[in-house]
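Numbering of the sequence shown is given in the working numbering, commencing with residue 105 and proceeding in unit increments. Accompanying notes for the structure given below.
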Amino acid sequence: MRILISGASVAGPVLAYWLARYGFQPTVVERSPTLRKTGGHAVDLFRPAMEIVERMGLLSKLEAKKTGTDRLTLLREGVDRPIEVDVARLVTAVSDRHVEIMRDDLAELFHDATRDSVEYVFGDSIAALAEDAGGIDVTFERGAPRRFDLVIGADGLHSNVRRLVFGDERRFAHWIGAYLAVMTLPNYLGLKDRSITLGDVGRLVVFYSGQHMDDARALFMFRTPRELDIHYRDVARQKGVLREAFAGLGWEVPRLLEELDRTPAFYFDSITQLRMDTWSRGRVTLAGDAGYSPGPAVGGSTSLAIVGAYVLAGELAAAGGDHVRGFQAYERELGDYVRRSRTFALHTAKNLVSSSRFQLWALVQAARLISLAPPRMTRALSKLSSKGVRLHDSIALKDYGHQARVAA
Ligand SMILES: Cc1cc2nc3c(=O)[nH]c(=O)nc-3n(C[C@H](O)[C@H](O)[C@H](O)COP(=O)(O)OP(=O)(O)OC[C@H]3O[C@@H](n4cnc5c(N)ncnc54)[C@H](O)[C@@H]3O)c2cc1C
């Protein structure tokens with residue numbers, strides 16, 4: 105059974121891995137001409153995603169590539185005394201098992217694990233889909249047309265497959281009050297195992313690098329009272345908006361804003377949450393950010409993308425390749441995790457970028473408390489939280505190995 109996957113970042117290759125393992129024939133088409141190796145940002149894998157990586161036999165390779173950012177220095181605008189936070193303790197509140205890794209390193213790891221069993225087509229994109237009772241005719245922007253049994257969009261928040269099948273993304277995208285930017289810059293602060301965060305009311309800056317990285321990243325998050333009319337590809341205006349939003353901040357911020365003129369890789373987007381009641385139609389479904397991003401950098405969306413890909417492949421195999429039953433089971437199995445991730449993301453976005461001096465103070469005190477308390481107490485306290493901060497660890501993974509039938 106031939107399955108076309110659009111997108112070779114996280115969800116796409118994980119899905120391809122499991123589909124190939126169950127006997128399907130996956131092809132991955134990726135718009136970029138090669139795997140992306142500049143820019144990118146750190147992402148988090150929590151317990152269920154780590155378990156899947158372990159089942160793929162990639163745990164030691166994952167660990168070898170982790171950023172190793174174990175300490176966080178928290179600064180507050182206008183306050184001299186920094187707070188030192190042990191990141192492992194901070195994460196304990198959320199998950200017992202966690203790795204932070206650069207997204208591009210993770211994508212490379214998954215690509216390397218699948219390159220021999222999966223067909224990859226780089227530098228192309230789906231132009232049109234025409235479904236009939238027996239399959240889907242796919243037209244590409246560059247390559248010759250081909251026919252597949254199923255098509256899966258794993259092409260990110262601004263998914264092409266979602267647009268082709270479900271229509272304009274504005275129908276599903278909900279802005280959750282903040283903006284996000286990341287730029288690549290020289291690691292002129294010499295950070296390796298430490299990140300520095302500067303918090304102010306309505307804005308946050310993080311400078312970080314990693315043990316394998318020659319350069320660094322500056323991440324900016326800020327709130328605006330209303331959504332800005334700014335296209336996600338209008339880079340000049342995005343940089344202008346960022347300069348305005350962070351004007352007047354101390355520490356290294358003036359230097360970081362200067363680096364905007366020189367950066368080789370810049371990303372800017374609204375923090376948007378996708379809300380689709382269903383993400384499957386006919387022979388097409390979506391996986392990862394394309395179908396259910398709870399919002400970048402706030403909802404553990406990388407873990408959700410890995411779990412989603414694993415569940416989709418498993419349910420399709422368990423249904424013997426019957427996409428109607430398989431897609432229904434996929435949505436049923438993942439639905440609760442998706443809905444709870446949205447709530448988690450709303451909560452994180454609200455707390456991470458403080459909207460008042462008091463909220464900022466409370467955030468700093470919480471970080472201080474967590475870094476001083478024994479991990480067992482942190483875990484116990486977090487379990488009392490009604491906001492479900494241990495969302496990811498509460499996800500139980502099915503083992504599809506026994507029931508999965510090899511598809512023809
Ligand atoms: C700035 C930033 C910071 C983030 N921080 C975190 C974090 O701290 N923790 C966390 O867990 N997550 C974080 N995320 C989110 C995380 O990156 C995503 O959840 C994760 O990468 C989702 O994987 P995905 O494979 O679904 O989509 P993506 O990683 O977005 O990959 C989509 C792929 O599809 C390709 N593609 C796009 N259009 C087409 C097309 N037309 N045809 C073919 N291919 C196409 C893209 O090139 C890309 O390779 C952050 C995201 C951003 C942007």
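Even for Gly, the Cβ is constructed at its ideal location relative to N, Cα and C.
Less than 8 Å between the beta carbons of Pro400 and Leu289, yes or no?
no
Practice item. Pull up the distance between the alpha-carbon of His335 and that of Ser263, whole angstroms please. Key: 15 Å
Return yes when the Cβ of Val147 is within less than 8 Å of the Cβ of Ile205, no when it is not.
yes
### Query
Would you say the beta carbon of Val261 comes nearer than 7 Å to a heavy atom of ligand 1?
Here the sequence assigns Leu to residue 261, which means Val is not the residue at that position. It does: the Cβ of Leu261 is within 7 Å (strictly closer) of some heavy atom of ligand 1.
* To do: Starting from the Cα of Val339, find the closest Cα among Leu364, Arg321, Val242 and give me that residue.
  => Leu364
Practice item. Ignore the nearest five residues each way along the sequence and tell me which others in Phe370's own chain have a CB closer than 8 Å to its CB. Key: Gly143, Ala285, Val286, Met287, Thr288, Val339, Gln342, Lys343, Leu364
Arg193 by DSSP, collapsed to three states: which one? helix
* Asked: Just checking my contact of Leu471 with Val242 at CB under 8 Å: how many whole Å lie between their CB atoms?
  -> The residue you asked about is not Leu; residue 471 is Ala in the sequence shown. Going by Cβ atoms, the distance from Ala471 to Val242 rounds to 49 Å, so no, they are not a contact pair.
- Determine the extent of the alpha helix (DSSP H) in which Gly439 is found, giving its start and end residues. 427 to 456
| What are the residues that DSSP puts in a beta bridge with Lys170? | Ile205
* Asked: Exposed or buried, Glu134, counting other C-beta atoms within 10 Å across all chains shown (16 or more means buried)?
  -> buried
query = Among the residues of its own chain, which have a CB less than 6 Å from the CB of Thr452, if the five just before and after it don't count?
reply = Val402
Same chain only: Cβ atoms within 8 Å of Arg347, ignoring 5 sequence neighbours per side | Leu361, Leu364
Notebook entry, point to check: For His496, which three-state DSSP category applies?
Noted result: helix
By Cβ distance below 6 Å, which residues in the same chain neighbour Pro117 in space, the five residues on each side in sequence not counted? Phe214, His215, Thr218
- Message: Here's the rule I'm using: 16 or more other beta-carbon atoms within 10 Å means buried, otherwise exposed. How should Gln315 be labelled?
- Response: exposed
Cβ neighbour criterion (16 or more within 10 Å) applied to Val415 = buried
Through-space distance from Phe448 to Ile109, alpha-carbon basis
28 Å
(Q) Let's test the definition: count the other Cβ atoms within 10 Å of the Cβ of Tyr292 and tell me whether it reaches 16, buried, or not, exposed. (A) exposed
With a CB to CB cut of under 7 Å and the five nearest residues on each side skipped, what residues in its chain are close to Thr382? Glu435
### Message
For Gly412 and Gly404, what's the separation of their Cα atoms in angstroms?
### Response
12 Å
Applying the 10 Å Cβ sphere with the 16-neighbour rule, what's the burial state of Glu167?
exposed
Identify the residues that DSSP records as bridge partners of Met325: which are they? Leu284, Leu308
Is it the case that the Cβ atoms of Arg327 and Ala282 are separated by a distance below 8 Å?
-> yes
>> Any contact between the region 417 to 429 and the region 172 to 180? By contact I mean 3 or more CB pairs, one from each, below 8 Å.
In response: no
Is it the case that the CB of Val286 approaches a heavy atom of ligand 1 more closely than 7 Å? yes
Next on the checklist: Runs of 4 residues minimum, wholly inside the region 197 to 276: which ones carry the alpha helix (DSSP H) assignment?
Outcome noted: 207 to 218, 264 to 270
task: Go ahead and label Leu332 buried or exposed: buried means 16 or more other beta carbons lie within 10 angstroms of its beta carbon, across all protein chains shown.
output: exposed
Just to check, is the beta-carbon of Val345 closer than 7 Å to a non-hydrogen atom of ligand 1?
no
In three-state terms, what does DSSP make of Gly395? helix
Find out if the Cβ-Cβ distance for the pair Leu179, Trp355 is shorter than 8 Å. yes
Worksheet item: Buried or exposed: where does Asp252 fall if 16 or more other Cβ atoms within 10 Å of its Cβ makes it buried?
Response: Strictly speaking, residue 252 in this sequence is Phe, with Asp absent from that position. That one is buried.
Margin query: Less than 8 Å between the beta carbons of Glu223 and Gly386, yes or no?
Written below: no
Check: For Val345, which residues of its own chain have a beta-carbon under 7 Å away from its beta-carbon, when the five flanking residues on both sides are left out?
Finding: Leu332, Ile334
Exercise. Could you give the C-beta distance for Ser384 and His496, rounded to a whole number, given that I count them as a contact under 8 Å?
Worked result: Their Cβ separation, rounded to whole angstroms, is 24 Å, which puts Ser384 and His496 out of contact at 8 Å.
Cut-off 6 Å between Cβ atoms - residues of its own chain near Leu521, not counting five sequence neighbours on either side: Only positions 105 to 512 of the chain appear in the structure, and residue 521 is not among them; the question remains open.
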